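For reference, the structure discussed in these notes is given below.
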Amino acid sequence: MPTPEPAPTSTPSPTVTLAPTSTPPPTLTPTANPTPTPTPIGGGGQIAFVSNRDGNLEIYVMNSDGSGQANLTNHELEDNWPTMSPDGRQVAFISDRDEPNPGSCGLSNSCNSEIYIVNTDGTGLTRLTDDPGKEMFPAWSPDGTQIAFVSNRDEGLHVFVMNADGSAQTNLTNTSEFDLYPAWMEDGAQIVFLSTRDGGFQFYVMNADGSEQTMMDSGLPPSESSPGSLNTLFFLEDVSVYEIYALAGDSLKTMEDSGSSLGEFPTWSPDGTQVAFHSNRDGDMEIYVMNANGSEMTQLTDDDANDMFPAWSPDGTRITFHSNRDGNVEIYVMNADGSNVVNLTNNSADDTIPAWYP
């Protein structure tokens with residue numbers, strides 16, 4: 478019987494150790510430093526203003542951050558004195574485009590200017606007045622259904638009123654004197670204006686139909702009304718002292734005494750708690766605010782230029798104004814406390830008289 482042979486012993490395979498494979502370092506992508514987010518301008522609504530950037534005065538409108546600047550009245554002749562409807566959808570303005578000697582109007586009584594309206598998107602241009610005389614100072618009623626204005630179509634200068642479509646034009650004051658600068662009270666029931674009928678400029682108030690015209694006191698042009706109360710801002714001249722007054726019913730209240738300086742164009746904040754105005758008490762025009770009762774006056778701007786014509790944003794957080802601080806007049810905006818001043822219309826033209834609406 479054969480002797481069994483032992484099974485072959487398996488030889489283990491040698492262990493091969495692989496040299497470590499070097500891993501290439503990851504490619505680093507440079508990360509840009511984050512761009513600081515600019516402080517938003519905000520305030521809501523739109524700003525209407527006057528500019529001569531196309532060679533003559535035109536009405537423009539822009540968003541509250543300065544974007545979307547659009548010419549609403551692109552015409553070879555001058556358009557001026559914009560005032561926006563309470564709902565912010567239309568702008569009323571005056572134009573000398575029918576004047577035989579265009580560009581010579583200004584505030585002269587001897588030329589022909591008419592009142593027009595245009596939608597804030599530039600459509601719907603409509604001529605509201607059509608008279609050989611001069612029509613000026615349009616002022617919307619609080620509900621937007623009527624426009625008060627001044628005309629010399631009869632002897633003298635008189636306050637008229639018309640429907641917002643130009644119909645039913647009615648002479649409310651009809652005297653041989655000058656009646657100027659109509660301003661509506663908040664409830665739309667009364668209109669305040671200036672008149673020379675009793676010597677010098679005097680404040681008068683009348684019902685919206687022209688009845689019960691009553692002298693108030695000596696003055697300068699009235700400004701816009703305050704929201705939510707029967708107060709209207711005025712300038713009252715007493716020799717060389719200019720003061721800002723508020724009319725409540727039939728009483729006049731001193732709000733600010735500026736000594737021999739000039740305080741002009743007061744305008745109420747949307748909530749009626751503050752008043753912004755410009756004054757030259759520091760040697761040039763600056764923007765100031767104060768409480769509605771005249772307390773806590775604060776200077777918001779402080780430079781060697783003239784900062785003028787303040788207008789509040791609809792939400793009361795911003796104030797727009799015009800200034801010549803960069804050599805020509807531009808529209809600026811700032812926080813209501815005077816911080817974060819931004820040039821909205823940075824160009825070589827003059828951009829003036831901003832009006833901020835919803």
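FYI, in the working numbering the residues of the sequence shown are 478 to 835.
The beta carbon of each residue, even a glycine, is placed where N, CA and C say it ideally should be.
Just so we're clear, the structure is a prediction, and the values are computed from it rather than from any experiment.
Taking 8 Å as the upper bound for CB-CB distance, threonine 550 and isoleucine 536 are in contact here, some 4 Å apart. Separation of valine 819 and aspartate 531 (C-alpha to C-alpha, rounded to the nearest whole angstrom) is 23 Å. Out of Gln623, Phe637, Asp642, Glu576, the CA that lies nearest to the CA of glycine 601 is found in Asp642.
Bridge pairing for glutamate 535: Ser528 [DSSP]. By the Cβ-count criterion, threonine 750 is exposed, with fewer than 16 other Cβ atoms from all chains shown falling within 10 Å of its own Cβ. Positions of the alpha helix (DSSP H) runs, each at least 4 residues long and wholly inside the segment 618-643, cannot be given because no such run exists. By the beta-carbon neighbour count (other beta carbons within 10 angstroms, threshold 16), glutamate 591 is buried. For methionine 762, there is no enclosing beta strand (DSSP E), since its DSSP letter is neither H nor E. DSSP places threonine 778 in no beta strand (DSSP E); its state is neither H nor E.
Linking glutamate 763 to histidine 799 through their CA atoms gives a straight-line distance of about 10 Å.
Assignment of threonine 606 by DSSP, reduced to helix, strand and coil, places it in the coil class. Just so you know, the alpha carbons of tryptophan 833 and glutamine 690 end up roughly 31 Å apart.
Exclusion of the five residues before and after proline 835 leaves Gly522, Gly565, Pro791 as the residues of its chain whose Cβ lies within less than 6 Å of its Cβ. Boundaries of the beta strand (DSSP E) harbouring leucine 671: 667-672, taken from the DSSP string.
For methionine 613, the secondary structure class from DSSP, reduced to helix, strand or coil, is strand.
Residue pairing by DSSP places serine 572 opposite Asp556, Glu591 in a beta bridge.
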